[in-house]
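Since the structure comes first, as C-alpha cells, the remarks are kept for the end.
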Amino acid sequence: MPDFEVPDRCQEEERVHAEGRLPPGQALTLKFPVLHYGPVPPFNPATWDFRVWGEVGKESRWTWDEFNQLPRAKIVMDIHCVTRWSKFDTLWEGVSVKILIAQRLIQPLPGARFVMQHAEFGFSVNLPLEAVLQDNFLLATHINGEPFTPDHGYPLRGVIGAIPGRADLQTPYFWKGAKWLRGLEFMRQDRLGFWEKAGYNNSADVWKEERFA
Ligand SMILES: Nc1nc2c(c(=O)[nH]1)N[C@H]1C(S)=C(S)[C@@H](COP(=O)(O)O)O[C@H]1N2
Ligand SMILES: [Mo]
91 MPDFEVPDRC QEEERVHAEG RLPPGQALTL KFPVLHYGPV PPFNPATWDF RVWGEVGKES
151 RWTWDEFNQL PRAKIVMDIH CVTRWSKFDT LWEGVSVKIL IAQRLIQPLP GARFVMQHAE
211 FGFSVNLPLE AVLQDNFLLA THINGEPFTP DHGYPLRGVI GAIPGRADLQ TPYFWKGAKW
271 LRGLEFMRQD RLGFWEKAGY NNSADVWKEE RFA
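Per the working numbering, the sequence shown starts with residue 91, numbered consecutively.
Set out below in C-alpha cells:
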C-alpha cells in the first residue's frame, strides 16, 4: 500500500521550518505517539481527586465533578517531544493555574518558586512556578476537541508547549507535562521529577536543545 502520509508530512515540515517553528533536531509528525513508563492507570470518577498542597495558603481537594466546574481555558500550541517528534497546531483545553490563582482558588505563599506535578503510580514532573503561570501551561482534559484517550493521560494531564510567536515563553520538551495528573505541590526549592532523575535535562529548553543533563 502506498504511504500517503509522506508527501504531506514533508510539505508541512517545510512550512513550519520556514515559519521558524521547528526546533533544532526535531521532525514533524502527523501522528500522536504514545510514550510513558509503566502501565495505563484505571480512572474511577467516584474516587478520583485533584489535590493542591505545599506552599499554599490553604490546601485544596477537588473531586472529578468539582474539577469540571473550574473555569476553563483553550490554547493552540506546538508540542516538542525529546524523542525528536513535534506536533503542530494542537488545540488544548482545560484549566489554567494562572486563572485559578487570579480567582484565589489557589493561593501560593510568597516563598513558592517551583511546582511538582504528581501523577498516578508516583510519577512526578517539576517546573518553575513562573513556567506553570505562563499562557502555555494547562491542566488539560481535551485535545483537538476530544477527551484524551487513556494512553494519552485521560482524564487529566499537564501540558506545556510552544505558542507560535511567543518567544518570551519558556518552552520545555513535552515530558514536562504529567499524564494521569492527580495533584500539584507548590515548593520553595526545586526537586527533580521522574525523568529528570533519570538523566533528562531539568530546564529542558527545546530551542537550546537541552535534552540530557
Ligand atoms: N504519568 C506520566 N506522564 C508522562 C510520562 C510518564 O512516564 N508518566 N512520560 C512523559 C514523556 S517522557 C512524554 S514524551 C510524554 C508523552 O505523552 P504522549 O504519550 O501523550 O505523547 O508524556 C510525559 N508524561
Ligand atoms: Mo519522553
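We treat Cβ as the ideally placed atom computed from N, Cα and C, and that holds for glycine.
Tell me which residue opens and which closes the alpha helix (DSSP H) that D155 is part of.
Along the sequence shown, one-based indexing puts residue 155 at 65. Per DSSP, D155 belongs to the alpha helix (DSSP H) from W154 to F157.
Report the partner residues of W182 according to the DSSP bridge assignment.
By one-based count along the sequence shown, residue 182 stands at place 92. Looking at the DSSP assignment, W182 forms a beta bridge with I165 and I233.
Excluding five sequence neighbours on each side, which residues of the same chain lie with their C-beta closer than 6 Å to the C-beta of W270?
Residue mapping note: residue 270 aligns to position 180 of the sequence shown, counting from 1. Excluding residues within five positions, the ones whose Cβ falls inside 6 Å are P131, A209, E210 and G243.
Which residue from R247, M277, A257 and R141 puts its Cα closest to that of F264?
Stepping through the sequence shown from its first residue, residue 264 is reached at position 174. Residue R247 is the option with its Cα nearest to F264.
Would you check whether ligand 2 has a heavy atom nearer than 7 Å to the C-beta of L195?
Translated into positions along the sequence shown, residue 195 becomes position 105. No - ligand 2 has no heavy atom lying nearer than 7 Å to the Cβ of L195.
Would DSSP call R281 helix, strand or coil?
One-based indexing of the sequence shown puts residue 281 at position 191. Of the three classes helix, strand and coil, the one that applies to R281 here is coil, per DSSP.
How do the stretch 213-225 and the stretch 176-183 stand: do at least 3 beta-carbon pairs fall below 8 Å, yes or no?
In short, these stretches do not touch, since the Cβ pair count stays below three.
For ligand 1, is there a heavy atom less than 7 Å away from the beta-carbon of K121?
Walking along the sequence shown from the start, residue 121 turns up at place 31. Flag unset: Cβ of K121 not near ligand 1.
Which class does W265 belong to by DSSP, given the choice of helix, strand or coil?
Numbered from 1 along the sequence shown, position 175 holds the residue referred to as residue 265. W265: helix per DSSP, three-state reduction.
Since I191 is in the alpha helix (DSSP H), which residue starts that stretch and which ends it?
To locate residue 191, count along the sequence shown from 1; it is residue 101. Per DSSP, I191 belongs to the alpha helix (DSSP H) from V187 to A192.
Does at least one heavy atom of ligand 1 sit under 7 Å from the Cβ of G267?
Position 177 of the sequence shown, counted from the first residue, corresponds to residue 267. Yes, Cβ of G267 sits closer than 7 Å to a heavy atom of ligand 1.
Verify the contact flag: L304, CB atom, against every heavy atom of ligand 2, threshold strictly below 7 Å.
This structure gives no information on residue 304, because the portion of the chain shown stretches from 91 to 303.
Could you please give me the residues that DSSP links to V205 through a beta bridge?
By one-based count along the sequence shown, residue 205 stands at place 115. Answer is L217 and F276, bridged to V205.
Taking only three categories from DSSP, how would you classify D98?
The residue labelled residue 98 in the question sits at position 8 within the sequence shown. Reduced to three states, the DSSP call for D98 is helix.
Give me the Cβ distance between V205 and L160, rounded to the nearest whole Å; I'm assuming they're in contact under 8 Å.
On the sequence shown, residue 205 is found 115 positions in, with the first residue counted as 1. On the sequence shown, residue 160 is found 70 positions in, with the first residue counted as 1. Actually they do not touch by this definition, with Cβ atoms about 17 Å apart.
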